[in-house]
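>
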Amino acid sequence: MPLQKNQVLTLTIERLSNDGSGVAHSPDGEAVFIPGTAPGDVAAIRIVKDCGRYAFGILDAIQTPSPDRIPVDCAVAAPCGGCSLRHLDYAAELRAKGESVTDAFRRIGGLDVPVLPPLPSPEIDRYRNKVQFPVGCDKNGKPCIGFYAGRTHRIVPCPDCKLQPDVLNEIGNTLCDFFAAHNIQPYDEQTGKGLVRHVFLRRGVHSGQIMVCLVCTRAKLPHAEELCRALTAQFSDIATILINVNARNTNVILGSETHALYGPGFIEDTLCGVPVQLGPLSFYQVNTLAAEQLYGIAAEYAQLTPDDLLLDLYCGMGTIGLSMADHCRELIGVEIVPEAIESAKANAARMGDAIAAKSRFFCADAGQAATQLAAEGLHPDVVMLDPPRKGCDEATLSAVVTMSPRRVVYVSCNPSTAARDAKWLEEHGYRAEKVQPVDLFPRTRHVEAIVSLQREI
Numbered sequence: 000m001p002l003q004k005n006q007v008l009t010l011t012i013e014r015l016s017n018d019g020s021g022v023a024h025s026p027d028g029e030a031v032f033i034p035g036t037a038p039g040d041v042a043a044i045r046i047v048k049d050c051g052r053y054a055f056g057i058l059d060a061i062q063t064p065s066p067d068r069i070p071v072d073c074a075v076a077a078p079c080g081g082c083s084l085r086h087l088d089y090a091a092e093l094r095a096k097g098e099s100v101t102d103a104f105r106r107i108g109g110l111d112v113p114v115l116p117p118l119p120s121p122e123i124d125r126y127r128n129k130v131q132f133p134v135g136c137d138k139n140g141k142p143c144i145g146f147y148a149g150r151t152h153r154i155v156p157c158p159d160c161k162l163q164p165d166v167l168n169e170i171g172n173t174l175c176d177f178f179a180a181h182n183i184q185p186y187d188e189q190t191g192k193g194l195v196r197h198v199f200l201r202r203g204v205h206s207g208q209i210m211v212c213l214v215c216t217r218a219k220l221p222h223a224e225e226l227c228r229a230l231t232a233q234f235s236d237i238a239t240i241l242i243n244v245n246a247r248n249t250n251v252i253l254g255s256e257t258h259a260l261y262g263p264g265f266i267e268d269t270l271c272g273v274p275v276q277l278g279p280l281s282f283y284q285v286n287t288l289a290a291e292q293l294y295g296i297a298a299e300y301a302q303l304t305p306d307d308l309l310l311d312l313y314c315g316m317g318t319i320g321l322s323m324a325d326h327c328r329e330l331i332g333v334e335i336v337p338e339a340i341e342s343a344k345a346n347a348a349r350m351g352d353a354i355a356a357k358s359r360f361f362c363a364d365a366g367q368a369a370t371q372l373a374a375e376g377l378h379p380d381v382v383m384l385d386p387p388r389k390g391c392d393e394a395t396l397s398a399v400v401t402m403s404p405r406r407v408v409y410v411s412c413n414p415s416t417a418a419r420d421a422k423w424l425e426e427h428g429y430r431a432e433k434v435q436p437v438d439l440f441p442r443t444r445h446v447e448a449i450v451s452l453q454r455e456i
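When we follow numbering that gives the first Met the number 0, the leftmost residue of the sequence shown carries the number 0, and every step to the right adds one.
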């Protein structure tokens, strides 16, 4: 019998889904997905939509709380939705993430591969080195920072996001005070009027340097010199202040035009000993300390020797390959984003002549580049794959198999596509040895995974 909208059922939450919602089953066996619940909760659940084979519900009341449930320490956690697991003890969160990765590799990949316990993040809160605050107005009409409520463009004011360092929250609030004092209006998507769309902040965890970037509808910011003086006087770690221009009616945050109001236009930091320069368009892992753990595991799985050629596909700024360059004979990196490749070359140069001499970076689609390199007879000893969420296309995987590396190390932000691709590689001569989940995004549903694959002799 179909579930009815607003029907209330008492259900026991069994596990978490991949999106962080609790999963329960109705008396008829239909799966019900409920945000904000924890495995072990017994709760009154109100049905909001029945899709036939599954349904969605909301939490009406908890009758018996899960032993893993903890108090939520953020007043806007529910409407914001960014911390979908903020109600869960961190040990339980890690267990759930491990179960999610295990499920992906068994159900999607059909692989009986050992999935190790997830590696916890060194920091659970205040770990993000980047924040993009949309700017709007609070109920009193004052400019405020916050985040969009789930599936909307309604800004939930959030003056103290628990995932951001205190100093980045303070800078965001100080900017809003400045906007209010000088009648600088936030951009209004409905009318197309207003100036400031987003406050984009970056902080180098090791250097301490901070980038402030205001995304605006035009390049001219009223009282810009006064703003730079006030910000740098109050926050001594600010190294650069930028205006990024985005006048389009779009969901994309950044435009292509950036102007420096103060400083060099970038900040500096290091990741696994690799010196980097970061502007607003640079891709960089948002949890520096956990990313260093991730790259350390990837290096361990690569098992490089001094005579090896390492091919780093989807190399981004080259960080992961360059962090291993001391341990191989040659490094080749491939990335489709031109700015990232220029950054990779510059990063290699900053590491000294020896690293620069053994490192080559190409701007190309990973699949096309891998196919071309395979056709040229390139035989890398180790291939590093770090694709976007959609995973690798078959052209890339086929080219990797043609090049026949001794080992493949697959770094993934989406265990489902990693499991799918590992299955393909297993069907074409490789064996998945182990999977290491790494938590780069505490209090959220996201988890990274590293897969170690060995060529079968």
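For each residue, glycine too, the CB sits at the ideal point set by N, CA and C.
A quick note: this is a predicted structure, and the numbers were derived from the prediction, not measured.
Run through the DSSP bridge pairs and tell me what Pro185 is partnered with.
On the sequence shown, position 186 is the one that residue 185 refers to. Beta-bridge pairing links Pro185 to Val195.
> Between Lys96 and the rest of its own chain, which residues show a CB-CB distance below 7 Å, the 5 nearest in sequence each way excluded?
Indexing the sequence shown from 1 puts residue 96 at position 97. Same-chain partners within the cutoff: Pro117, Pro436, Asp438 and Val446.
> Express the C-alpha separation of Gly56 and His205 in angstroms, rounding to a whole number.
By one-based count along the sequence shown, residue 205 stands at place 206. By one-based count along the sequence shown, residue 56 stands at place 57. If I take the Cα positions, the gap works out to 43 Å.
> Roughly how many angstroms lie between the CA atoms of Leu288 and Met316, to the nearest whole one?
To locate residue 288, count along the sequence shown from 1; it is residue 289. To locate residue 316, count along the sequence shown from 1; it is residue 317. Their backbone Cα atoms lie some 17 Å apart in a straight line.
> Tell me whether Asp380 is buried or exposed, calling it buried when 16 or more other Cβ atoms sit within 10 Å of its Cβ.
Sequence index remark: in the sequence shown, residue 380 carries index 381 (1-based). When all chains shown are included, Asp380 counts as buried.
> Here's the rule: buried if 16 or more other CB atoms are within 10 angstroms of the residue's CB, otherwise exposed. What is Glu334?
Numbered from its first residue, the sequence shown carries residue 334 at position 335. When all chains shown are included, Glu334 counts as buried.
> Regarding Lys219 and the ligand MN, is the C-beta to nearest heavy atom distance less than 7 Å?
No copy of the ligand MN occurs in the structure displayed, which carries no ligand at all.
> Does the Cβ-Cβ distance between Thr239 and Ile266 come in under 8 Å?
Sequence index remark: in the sequence shown, residue 239 carries index 240 (1-based). Sequence index remark: in the sequence shown, residue 266 carries index 267 (1-based). It is a contact, given that the beta carbons lie within the stated cut-off.
> Going by other Cβ atoms of all chains shown within 10 Å of its Cβ, with 16 needed for buried, is Phe282 buried or exposed?
Here residue 282 is taken as the residue at index 283 of the sequence shown, counted from 1. Flag for Phe282 reads exposed.
> Skipping 5 residues on each side, what residues in its chain have a beta carbon closer than 7 Å to that of Glu188?
Taking the first residue of the sequence shown as position 1, residue 188 is located at position 189. For Glu188, where only same-chain residues beyond five positions count, the Cβ hits under 7 Å are His152.
> For Leu310, I'd like the list of residues in its chain whose CB is within less than 6 Å of its CB, leaving aside the five on either flank, ordered along the chain.
As a working mapping, residue 310 is identified with position 311 in the sequence shown. Same-chain partners within the cutoff: Ile331, Pro379 and Val382.
> Let me know if Met0 comes out buried or exposed under the rule of 16 or more other beta-carbons within 10 Å of its beta-carbon.
Here the question's residue 0 lines up with position 1 in the sequence shown. Result: exposed.
> Ignoring anything shorter than 3 residues, give me the beta strand (DSSP E) runs that lie fully in the segment 203-261, in order along the chain.
209-215, 237-244 and 256-261
> Using the Cβ count rule (16 or more neighbours within 10 Å means buried), how would you classify Gly80?
The sequence position of residue 80 within the sequence shown is 81, counting from 1. Gly80 counts as buried, since no fewer than 16 other beta carbons sit within 10 angstroms of its beta carbon.
> If you draw a straight line from the alpha carbon of Asp385 to that of Val450, how long is it in whole angstroms?
As a working mapping, residue 385 is identified with position 386 in the sequence shown. As a working mapping, residue 450 is identified with position 451 in the sequence shown. Going by the C-alpha atoms only, they are around 11 Å apart.
> State the Cα-Cα distance for the pair Asp420 and Gly108, rounded to the nearest angstrom.
The residue you call residue 420 lines up with position 421 of the sequence shown. The residue you call residue 108 lines up with position 109 of the sequence shown. Each residue's Cα considered, the two are about 8 Å apart.
> So the candidates are Val130, Cys362 and Gln453; which of them puts its Cα closest to the Cα of Glu341?
Position 342 of the sequence shown holds residue 341. Of the candidates Val130, Cys362 and Gln453, the one whose C-alpha sits nearest the C-alpha of Glu341 is Cys362.
> Quick check on this structure: which residue in Cys215, His181 and Thr269 has the alpha carbon closest to the alpha carbon of Gly193?
In the sequence shown, counting from the first residue as 1, residue 193 sits at position 194. Considering only alpha carbons, the answer is Cys215.
> Which term fits Asp40, buried or exposed, when burial requires 16 or more other beta carbons within 10 angstroms of its beta carbon?
As a position in the sequence shown, residue 40 is number 41, starting the count at 1. The residue is buried, with at least 16 neighbouring Cβ atoms inside 10 Å.
> Using the DSSP secondary-structure output, state which residues sit across from Glu447 in a beta bridge.
In the sequence shown, counting from the first residue as 1, residue 447 sits at position 448. Looking at the DSSP assignment, Glu447 forms a beta bridge with Val437.
> Looking only at its own chain, which residues have a Cβ that is under 8 Å from the Cβ of Ile252, when we skip the five neighbours before and after it?
For the purposes of this step, residue 252 is identified with residue 253 of the sequence shown, where counting begins at 1. The residues are Gln131, Arg196, His197, Phe199, Val214 and Asn245.
> Assuming Val407 and Leu452 form a contact by the criterion Cβ under 8 Å, report the distance between their Cβ atoms to the nearest whole angstrom.
For the purposes of this step, residue 407 is taken as the residue at position 408 of the sequence shown. For the purposes of this step, residue 452 is taken as the residue at position 453 of the sequence shown. So it is a contact: roughly 4 Å between Cβ atoms.
> Below 8 Å CB to CB, which residues in the same chain sit around Thr257 once its five sequence neighbours on both sides are set aside?
The sequence position of residue 257 within the sequence shown is 258, counting from 1. Correct list, in chain order: Cys212, Leu241, Ile242, Asn243, Val244, Gly264, Gly278, Pro279 and Leu280.
> For Val7, which option in Pro113, Pro38, Pro34 and Arg45 has the closest C-alpha, if you only look at C-alpha atoms?
For the purposes of this step, residue 7 is taken as the residue at position 8 of the sequence shown. If we check each option's Cα against that of Val7, Arg45 comes out closest.
> Rounding to the nearest angstrom, what Cα-Cα distance links Ala148 and Ala355 in this structure?
Start at 1 with the first residue of the sequence shown, and residue 148 comes out as number 149. Start at 1 with the first residue of the sequence shown, and residue 355 comes out as number 356. So the two alpha carbons sit approximately 45 Å from each other.
> For the alpha helix (DSSP H) containing Gly376, list its first residue and its last residue.
Within the sequence shown, the letter at position 377 stands for residue 376. Judged by DSSP secondary structure, Gly376 falls outside any alpha helix (DSSP H); it is assigned neither H nor E.
> Please state whether the Cβ-Cβ distance between Phe458 and Ala418 is less than 8 Å.
Because the chain is modelled from 0 through 456, residue 458 falls outside the range shown and cannot be assessed.
> To the nearest angstrom, how far is the alpha carbon of Asn413 from that of Arg328?
As a working mapping, residue 413 is identified with position 414 in the sequence shown. As a working mapping, residue 328 is identified with position 329 in the sequence shown. Those two C-alpha atoms are separated by around 31 Å.
> Would you tell me roughly how many angstroms separate the C-alpha atoms of Tyr479 and Ile209, rounded to the nearest one?
Residue 479 lies beyond the range of the chain shown here (0 to 456); nothing can be said about it.
> Kindly give me the distance between the Cβ atoms of Val100 and Val434, rounded to whole angstroms, as I take these residues to be in contact under 8 Å.
For the purposes of this step, residue 100 is identified with residue 101 of the sequence shown, where counting begins at 1. For the purposes of this step, residue 434 is identified with residue 435 of the sequence shown, where counting begins at 1. At roughly 6 Å, the Cβ-Cβ gap stays under 8 Å, so Val100 and Val434 are in contact.
> Can you tell me whether DSSP reads Phe282 as helix, strand or coil?
Position 283 of the sequence shown holds residue 282. It is coil, neither helix nor strand.
> Residues in the same chain with beta-carbon distance under 6 Å from Glu499, minus the five sequence neighbours each way, listed in chain order, please.
Residue 499 falls outside the range modelled here, since the chain spans only 0 to 456, and no answer is possible.
> For the alpha helix (DSSP H) that contains Met383, what are its first and last residues?
Walking along the sequence shown from the start, residue 383 turns up at place 384. Element bounds for Met383: not the alpha helix (DSSP H) but the beta strand (DSSP E), Val381 to Leu384.
> Which stretch, first to last residue, makes up the beta strand (DSSP E) that contains Ala148?
Your numbering for residue 148 matches position 149 in the sequence shown. No beta strand (DSSP E) contains Ala148, which DSSP labels as neither H nor E.
> When you compare only the Cα positions, how much space is there between Ile144 and Lys219?
Position 145 of the sequence shown holds residue 144. Position 220 of the sequence shown holds residue 219. In a straight line, the C-alpha of Ile144 is about 21 Å away from that of Lys219.
> For Ala37, name the three-state secondary structure that DSSP assigns.
What you label residue 37 is simply residue 38 of the sequence shown in a count that begins at 1. Coil.
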